[in-house]
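Enquirer: Got a structure here, written out as structure tokens. Questions coming.
Protein chains in written order, with the numbering used here: chain A, 5 to 253; chain B, 779 to 1097.
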């Protein structure tokens, strides 16, 4: 069974982004870029399926500029077999990404696509569900446990109030939540070996997908600032403030 | 210009009752209806869920309720819910879901099939095409304009006050239920039963971080305070990852977004991902032994010290 894992290059989760003064975007400058944390979990899950013998090949895919090759190499160092870069300099929103991924899925014919549930830059939480809809496949979103059975996959999902377990016919789309696994660190030998694994580059324009954004970003602004309040010396002072000043208890 | 003026809200319910997330989503829909001149309709998808549909019909501002009631819709599987919405979609210019686990699961399937972009987590309606939404864990706010003929939107429920649950008098219209997709099947659910208020929507939230030290201490120290205040319990990601609290208690960028009247953060340092989930709370109290913890930078009231002494003392002081 072939598994495809789409990965996104995003600003590192430890970087605090700053809004540009002219409202045109956020200042990324030389900020550290990393693989989206949920996508690291997706790669790890696919590699574990391969190690258990449930998957035969793990193919990682990224959409974006040439620098995404770095993200793909990171995924290979973590255990993926080969990579595909769908190259474009266009601003990509989830729907066009789902269409580009569908083109890859149509060609590669995997049984499973595992994606991160959300990218930590645009926080959209859309691409996996959109891909599943375009493929007309079932979906197991926000997965905290995945078990491949005969022609099916059993997915436990994090939902409001607890957990829900579904059985999906294959092929299917899964999106990962935080508790699915803890991604491994790539070893130095694997990082070196990753440089020699196949990485195919496909031009987005050659896939016949209209990648034009459908949402126009008019401006990016700072959120309202919340200023620090006061330190209180003890519990009695805190209770007094909550009762008489804040009036919330 | 689109003539599809009506607005469809896809209800969040547990079959018996409407969830408060639906009421906040109707508020956003009512704002849109004032701009577009359209009516607000609510779609209830489920099985044996007439009472939720009747409740939706009484919600202020709702002009019509559509009820798709069939056994194959009982588990509200994403594939079937999306198909049901798509069966209704032709009549609407806006389709709104609450940004809950259910809504986030189904909405993008609808948008992709309609070949339109989705606006995720809308926090403000500017006009019928234009919305605000947080990005980068709420460290920036994007104003986005949809150029699509139909707008599929998930609504961040904490950003909109709930509309009154009474005052409306809409008709409930049965609609044909879609067939089961056959692609997924419900196996089981473990939904915690609790007398506490739901975390999202609670007026007071008592939340614990890694500083609580263990799951035993987390419960032993925070539960009495939550009981006394009638509060929901929350947790930071660090506390959930450490196994101190169940994962559906996680407050943050990728967990639950809350905005209670009072948020009491105990042993939480205040990573930006956590702040993203609670910084719109009206009043924030932080109790932490580290005076330099970032949580104090946004707290209205900060108390430095040992949570294992201060939280029980606070519980007693509340009488």
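In this text, a Cβ means the ideal position worked out from N, Cα and C, and glycines have one as well.
(1) Could you tell me the alpha carbon to alpha carbon distance between residue 780/B and residue 112/A, rounded to whole angstroms?
(2) Does DSSP classify residue 10/A as helix, strand or coil?
(3) So residue 934/B contacts chain A; which residues on that side make the cut at Cβ distance below 9 Å?
(4) Does the pairing of the stretch 867-877 of chain B with the stretch 795-814 of chain B give three or more beta-carbon distances under 8 Å?
(5) Please list, in chain order, the chain B residues whose beta carbon lies closer than 9 Å to that of residue 225/A.
(6) DSSP three-state label for residue 802/B, please.
(7) Distance cutoff 8 Å, beta carbons only. Does residue 122/A sit that close to anything in chain B?
(8) So who's on the other strand from residue 1041/B, going by DSSP bridges?
(9) Just to confirm my understanding: we take residue 846/B, look at its own chain, exclude 5 residues before and 5 after, and list those with CB closer than 6 Å. What are they?
(10) Taking the alpha carbon of residue 806/B as the reference point, which residue from 881/B, 904/B and 891/B has its own alpha carbon closest?
(11) Using a Cβ cut-off of 9 Å, pull out every chain B residue sitting near residue 172/A, in sequence order please.
(12) Taking only runs of the alpha helix (DSSP H) that begin and end inside the stretch 844-890 of chain B, which ones reach a length of at least 4 residues, in chain order?
(13) Taking CB distances under 8 Å as the criterion, tell me whether residue 13/A reaches chain B.
(14) Using only CA atoms, which one of 169/A, 5/A and 23/A lies nearest to residue 967/B?
(15) Under the rule that 16 or more other beta-carbon atoms within 10 Å means buried, what is residue 236/A, buried or exposed?
(16) Report the start-end ranges of each alpha helix (DSSP H) in the stretch 19-103 of chain A that is 4 residues or longer and not cut off at the edges.
(17) Between residue 880/B and the rest of its own chain, which residues show a CB-CB distance below 7 Å, the 5 nearest in sequence each way excluded?
(18) Taking C-alpha atoms, which residue in 251/A, 246/A and 224/A lies nearest to residue 31/A?
(19) Considering only C-alpha positions, which residue in the set 848/B, 1082/B and 1030/B is nearest to residue 1050/B?
(20) Hey, is the stretch 98-115 of chain A in contact with the stretch 51-69 of chain A, meaning 3+ C-beta pairs nearer than 8 Å?
(21) What residue does the beta strand (DSSP E) around residue 1025/B start on, and which one ends it?
(22) Since residue 1023/B and residue 977/B should fall inside the 8 Å C-beta cutoff, what is the C-beta to C-beta distance between them, to a whole number of angstroms?
(23) Could you give the residue range of the alpha helix (DSSP H) that holds residue 832/B?
(24) If you measure between the beta carbons of residue 1063/B and residue 946/B, is that distance less than 8 Å?
(25) From the DSSP output, in three-state form, read off residue 239/A for me.
(26) Could you check the C-alpha separation between residue 138/A and residue 151/A for me, to the nearest Å?
(27) Taking CB distances under 8 Å as the criterion, tell me whether residue 1032/B reaches chain A.
(28) Does chain A have any CB closer than 8 Å to the CB of residue 894/B?
(29) Can you pull the chain A neighbours of residue 1026/B, defined as C-beta to C-beta under 9 Å?
(30) Do you know offhand how far residue 973/B's Cα is from residue 253/A's?
(31) Roughly how far, in whole angstroms, is the beta-carbon of residue 844/B from the beta-carbon of residue 825/B, given that I think they are within contact range, below 8 Å?
(32) Could one say the Cβ of residue 1022/B lies closer than 8 Å to chain A's Cβ atoms, at least one of them?
(33) Return the first residue and the last residue of the beta strand (DSSP E) that residue 173/A is part of.
(34) Using the three-state DSSP reduction, which class does residue 246/A fall into: helix, strand or coil?
(35) Mind pulling the chain B residues with CB within less than 8 Å of residue 188/A?
Expert: Let me lay it out:
(1) Counting from one through the second chain, the residue named residue 780/B turns up at place 2. Counting from one through the first chain, the residue named residue 112/A turns up at place 108. For residue 780/B, the predicted structure reports a pLDDT of 42, less than 50, and the residue's modelled location is therefore unreliable. A value from the coordinates is still provided. Spanning the two alpha carbons is a distance of roughly 39 Å.
(2) Position 6 of the first chain, counting from 1, holds the residue named residue 10/A. Three-state result, residue 10/A: strand.
(3) The sequence position of residue 934/B within the second chain is 156, counting from 1. In chain order: nothing, as chain A lies at least about 11 Å away.
(4) yes
(5) Along the first chain, one-based indexing puts residue 225/A at 221. Residues of chain B passing the Cβ test: 910, 918, 919, 920 and 921.
(6) Counted from its first residue, the second chain places residue 802/B at position 24. Residue 802/B falls in the helix class under three-state DSSP.
(7) Taking the first residue of the first chain as 1, we reach residue 122/A at position 118. Answer yes: the Cβ-Cβ gap between residue 122/A and chain B drops below 8 Å somewhere.
(8) The residue you call residue 1041/B lines up with position 263 of the second chain. Paired residues: 983/B and 1062/B.
(9) Residue numbering aside, residue 846/B sits at position 68 when the second chain is read from its first letter. Once the five neighbours on either side are set aside, the close Cβ partners of residue 846/B are 823, 862, 953 and 955.
(10) In the second chain, counting from the first residue as 1, residue 806/B sits at position 28. Checked all of 881/B, 904/B and 891/B; the closest Cα to residue 806/B is 904/B.
(11) Translated into the one-based positions of the first chain, residue 172/A becomes position 168. Within chain B, the residues near residue 172/A are 961, 962 and 963.
(12) 856-866
(13) Residue mapping note: residue 13/A aligns to position 9 of the first chain, counting from 1. Output row for residue 13/A: interface = no.
(14) Taking the first residue of the second chain as 1, we reach residue 967/B at position 189. Residue 169/A is the option with its Cα nearest to residue 967/B.
(15) Position 232 of the first chain holds residue 236/A. When all chains shown are included, residue 236/A counts as buried.
(16) 41-55 and 72-81
(17) Here residue 880/B refers to the residue found at position 102 when the second chain is read from its first residue. Taken in chain order, the residues that qualify are 790 and 854.
(18) Translated into the one-based positions of the first chain, residue 31/A becomes position 27. Closest by alpha carbon: 224/A.
(19) As a working note, residue 1050/B is residue 272 in the second chain. When only C-alpha atoms are compared, the closest one is 1030/B.
(20) yes
(21) Here residue 1025/B is taken as the residue at index 247 of the second chain, counted from 1. Unbroken run through residue 1025/B: none, as it is neither H nor E.
(22) Translated into the one-based positions of the second chain, residue 1023/B becomes position 245. Translated into the one-based positions of the second chain, residue 977/B becomes position 199. Their Cβ separation, rounded to whole angstroms, is 11 Å, which puts residue 1023/B and residue 977/B out of contact at 8 Å.
(23) Position 54 of the second chain, counted from the first residue, corresponds to residue 832/B. Element bounds for residue 832/B: 828-835.
(24) Mapped onto the second chain, residue 1063/B falls at position 285. Mapped onto the second chain, residue 946/B falls at position 168. Not a contact, by the Cβ cut-off of 8 Å.
(25) Counting from one through the first chain, the residue named residue 239/A turns up at place 235. Three-state result, residue 239/A: helix.
(26) Here residue 138/A refers to the residue found at position 134 when the first chain is read from its first residue. Here residue 151/A refers to the residue found at position 147 when the first chain is read from its first residue. Approximately 24 Å between the Cα atoms of the pair.
(27) In the second chain, counting from the first residue as 1, residue 1032/B sits at position 254. Yes, its Cβ sits closer than 8 Å to a Cβ of chain A.
(28) For the purposes of this step, residue 894/B is identified with residue 116 of the second chain, where counting begins at 1. Chain A contact via Cβ: present.
(29) Locating residue 1026/B in the second chain gives position 248, counting from the first residue. Chain A residues near residue 1026/B: 162, 163, 164, 165, 166 and 167.
(30) Residue numbering aside, residue 973/B sits at position 195 when the second chain is read from its first letter. Residue numbering aside, residue 253/A sits at position 249 when the first chain is read from its first letter. Each residue's alpha carbon lies about 20 Å from the other.
(31) Translated into the one-based positions of the second chain, residue 844/B becomes position 66. Translated into the one-based positions of the second chain, residue 825/B becomes position 47. Incorrect: roughly 15 Å between the Cβ atoms, too far for contact.
(32) Counting from 1 along the second chain, the entry for residue 1022/B is found at position 244. It does not; no Cβ of chain A falls within 8 Å.
(33) Reading the first chain from its first residue, position 169 is the one you call residue 173/A. Looking at the DSSP string, the run of the beta strand (DSSP E) that includes residue 173/A is 166-173.
(34) Within the first chain, residue 246/A is the residue found at index 242, counting from 1. Looking at residue 246/A - three-state DSSP - the assignment turns out to be helix.
(35) By 1-based counting over the first chain, the position of residue 188/A is 184. Ordered by position in chain B, no residue passes the 8 Å Cβ test against residue 188/A, which lies about 16 Å from the chain.
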